[in-house]
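When we follow UniProt numbering, the leftmost residue of the sequence shown carries the number 1, and every step to the right adds one. Glycine is no exception: its CB is placed at the ideal position from the N, C-alpha and C atoms. Keep in mind that this is a model prediction, so the values were computed, not measured. Below is one structure; the comments refer to it alone.
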Amino acid sequence: MNDPERFSALPEYAFPRLRRLIGERAPGREPAIQMTIGDPRHPPPAFVAEEVARHAAAFMSYPPNEGAPELLEAIAGWLDRRFGWTADPATDLLALNGTREGLYNVAMALCPETKNGQRPVVLTPNPFYQVYAVTALAVAAEPVYVNATAETGHLPDFAALDPALLDRTALVYICSPANPQGACASMAYWRDLLALAERHDFIILADECYSEIYCGTPPVGVLEAVREVGADPNRVVAFHSLSKRSNLAGLRSGFAVSGARNIARMRQLRAYSGAPLPLPLQMAAARAWADEDHVVENRALYAAKFDAAREILGNAHIPDAGFFLWLPVPPAIGDGEAAVLKLWTEAGVKVLPGAYLARDTEAGNPGKTYIRAALVAPLDETVDGLTRLRDCLRD
Numbered sequence: 001m002n003d004p005e006r007f008s009a010l011p012e013y014a015f016p017r018l019r020r021l022i023g024e025r026a027p028g029r030e031p032a033i034q035m036t037i038g039d040p041r042h043p044p045p046a047f048v049a050e051e052v053a054r055h056a057a058a059f060m061s062y063p064p065n066e067g068a069p070e071l072l073e074a075i076a077g078w079l080d081r082r083f084g085w086t087a088d089p090a091t092d093l094l095a096l097n098g099t100r101e102g103l104y105n106v107a108m109a110l111c112p113e114t115k116n117g118q119r120p121v122v123l124t125p126n127p128f129y130q131v132y133a134v135t136a137l138a139v140a141a142e143p144v145y146v147n148a149t150a151e152t153g154h155l156p157d158f159a160a161l162d163p164a165l166l167d168r169t170a171l172v173y174i175c176s177p178a179n180p181q182g183a184c185a186s187m188a189y190w191r192d193l194l195a196l197a198e199r200h201d202f203i204i205l206a207d208e209c210y211s212e213i214y215c216g217t218p219p220v221g222v223l224e225a226v227r228e229v230g231a232d233p234n235r236v237v238a239f240h241s242l243s244k245r246s247n248l249a250g251l252r253s254g255f256a257v258s259g260a261r262n263i264a265r266m267r268q269l270r271a272y273s274g275a276p277l278p279l280p281l282q283m284a285a286a287r288a289w290a291d292e293d294h295v296v297e298n299r300a301l302y303a304a305k306f307d308a309a310r311e312i313l314g315n316a317h318i319p320d321a322g323f324f325l326w327l328p329v330p331p332a333i334g335d336g337e338a339a340v341l342k343l344w345t346e347a348g349v350k351v352l353p354g355a356y357l358a359r360d361t362e363a364g365n366p367g368k369t370y371i372r373a374a375l376v377a378p379l380d381e382t383v384d385g386l387t388r389l390r391d392c393l394r395d
């Protein structure tokens with residue numbers, strides 16, 4: 001099954017495509033405003049640098065594969081406070097060098113070579129984080145893209161798929177809050193997905209990296225649904241990160257939580273293929289997971305930008321959580337690429353065509369008539385960018 005040609009099916013990454021689309025065109029207005037990449041720009045907590053310096057001598061030591069006990073204990077404490085979930089740090093958690101590592105390697109660890117005697121299927125929402133498709137191809141599974149549209153609440157309707165396809169399904173990726181749409185899975189959605197997973201015997205891979213950026217009610221986590229229905233913890237693997245929660249994308253601290261059987265297999269693989277976070281960084285991460293004050297402050301900064309977006313764009317465009325806007329393109333303008341070029345050459349605002357975050361399917365590309373705008377810049381810059389965007393794309 002090791003066929004390198006299968007990677008020819010990989011889509012080109014979004015940002016090289018964007019650079020080629022814009023080419024040498026100059027911005028139509030200065031200063032140009034970047035609203036493309038979801039790279040947090042709020043200040044990280046000050047104690048992170050202090051913790052790294054305090055434990056700097058530990059750089060001389062190899063870090064433990066599964067995570068330092070202090071870090072795993074801090075993560076377990078956060079899971080209890082946030083989701084009411086009791087995780088045994090010794091068996092149920094795996095510290096990650098960024099959740100991308102875990103989202104990729106989880107298929108290596110848990111996807112079977114065959115499912116019911118056939119090539120296994122990996123389901124992914126569409127639009128989606130490109131790692132989901134890459135890992136499916138890496139394990140020689142068949143990636144199937146399930147469109148998440150306004151009609152489905154911007155979450156994939158897995159239950160509408162052919163039961164024969166679901167019987168071949170080994171893994172299902174789901175992102176909640178969704179990137180790019182910001183839609184959040186409800187308790188009912190999670191319960192239904194868990195029931196579907198039991199019926200067709202697949203594992204749910206819940207990417208919840210945006211769970212702490214929200215306005216109002218915290219998004220429901222998959223672990224809350226597992227607890228409510230009494231499901232086997234090995235039926236799911238949930239992934240979380242400090243990148244958005246704590247503005248620490250460069251720290252590369254995330255984790256996976258599941259049942260002991262899944263985590264044992266992921267730890268075994270990671271002993272050979274992973275790169276554990278250096279111990280001083282793990283100590284800083286432990287303190288970040290244990291502290292909620294800076295998260296509340298961070299959320300308030302985003303809330304101010306969402307309030308501004310409501311005033312400028314109207315409530316119809318505001319998502320439940322995350323820090324992206326998934327904006328429909330006015331029909332008179334055309335598709336997302338046309339809107340991106342218009343915004344750049346007339347307003348000096350750079351956003352991303354929605355089609356670059358999705359795949360073409362028989363039902364079409366669900367991102368084709370959308371653009372994604374990131375609300376990561378300071379408030380004044382965000383307000384300027386949104387105002388230019390509104391005025392430029394106004395019907």
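Distance, residue j Cα to residue i Cα
i    : j    : result
A32  : G385 : 9 angstroms
L205 : F306 : 28 angstroms
V329 : A339 : 7 angstroms
N365 : R372 : 15 angstroms
I312 : L103 : 36 angstroms
N116 : D92  : 28 angstroms
M1   : Q118 : With a pLDDT of 48 at M1, under the threshold of 50, the modelled position of this residue cannot be trusted, and the question is left open.
E66  : R267 : 6 angstroms
D380 : T387 : 11 angstroms
C392 : K350 : 12 angstroms
A164 : A304 : 47 angstroms
A76  : N105 : 22 angstroms
P112 : P120 : 7 angstroms
R265 : A109 : 6 angstroms
N298 : T86  : 26 angstroms
A260 : N234 : 7 angstroms
P125 : C175 : 8 angstroms
A90  : R19  : 45 angstroms
F128 : H55  : 37 angstroms
R281 : G221 : Checking the sequence shown, residue 281 turns out to be Leu, not Arg. One C-alpha to the other measures close to 26 angstroms.
R41  : D167 : 43 angstroms
Min CB distance residue i to chain C below 9 angstroms
i   : result
E30 : The structure shown contains no chain C; it holds only a single protein chain.
Residue i - containing beta strand (DSSP E), residue span
i    : result
W326 : 324–328
A373 : 370–374
Beta-carbon proximity of residue i to residue j, cut-off 9 angstroms
i    : j    : result
P353 : P64  : no
F323 : L375 : yes
G274 : E70  : no
A321 : P177 : yes
V229 : L194 : yes
S258 : P45  : no
T135 : A170 : no
T345 : G38  : no
V139 : L161 : no
L224 : G334 : According to the sequence provided, residue 224 is Glu. The question's Leu does not apply to it. No; because the gap between Cβ atoms is not below 9 angstroms, this pair is not in contact.
P331 : T369 : yes
A290 : A74  : yes
F59  : R287 : no
T382 : A308 : yes
V122 : A141 : yes
N262 : V237 : yes
A49  : A284 : yes
G367 : G336 : yes
Beta-bridge pairing of residue i - partner residues as DSSP gives them
i    : result
L171 : V122, I203
G254 : L96, S241
V144 : L123
L352 : R372
Y302 : Answer is none; Y302 lacks a bridge partner.
G34  : Reading off the sequence, residue 34 comes out as Gln, not Gly. Paired residue(s): K350.
A321 : Y214
V236 : I204
Start-to-end residues for the alpha helix (DSSP H) that takes in residue i
i           : result
N116        : No alpha helix (DSSP H) contains N116, which DSSP labels as neither H nor E.
F83         : 69–83
N262        : 260–273
residue 459 : Since the first residue shown for the chain is 1 and the last is 395, residue 459 is missing from the structure and cannot be characterised.
L357        : Run containing L357: none; DSSP gives neither H nor E here.
Y132        : 131–138
E51         : 47–54
Q282        : 279–290
P16         : 14–22
A87         : Careful: A87 lies outside any alpha helix (DSSP H) and carries neither H nor E.
A225        : 222–229
G336        : 336–342
message: Three or more C-beta pairs under 8 angstroms: does that hold for the segment 206–214 against the segment 238–257?
response: yes
- prompt: Hey, is the segment 148–161 in contact with the segment 86–97, meaning 3+ C-beta pairs nearer than 8 angstroms?
  reply: no
message: Three Cβ pairs or more, each shorter than 8 angstroms: is that satisfied between the segment 346–361 and the segment 248–266?
response: Judged by pairs of C-beta atoms under 8 angstroms, the segment 346–361 does not touch the segment 248–266, as fewer than three such pairs exist.
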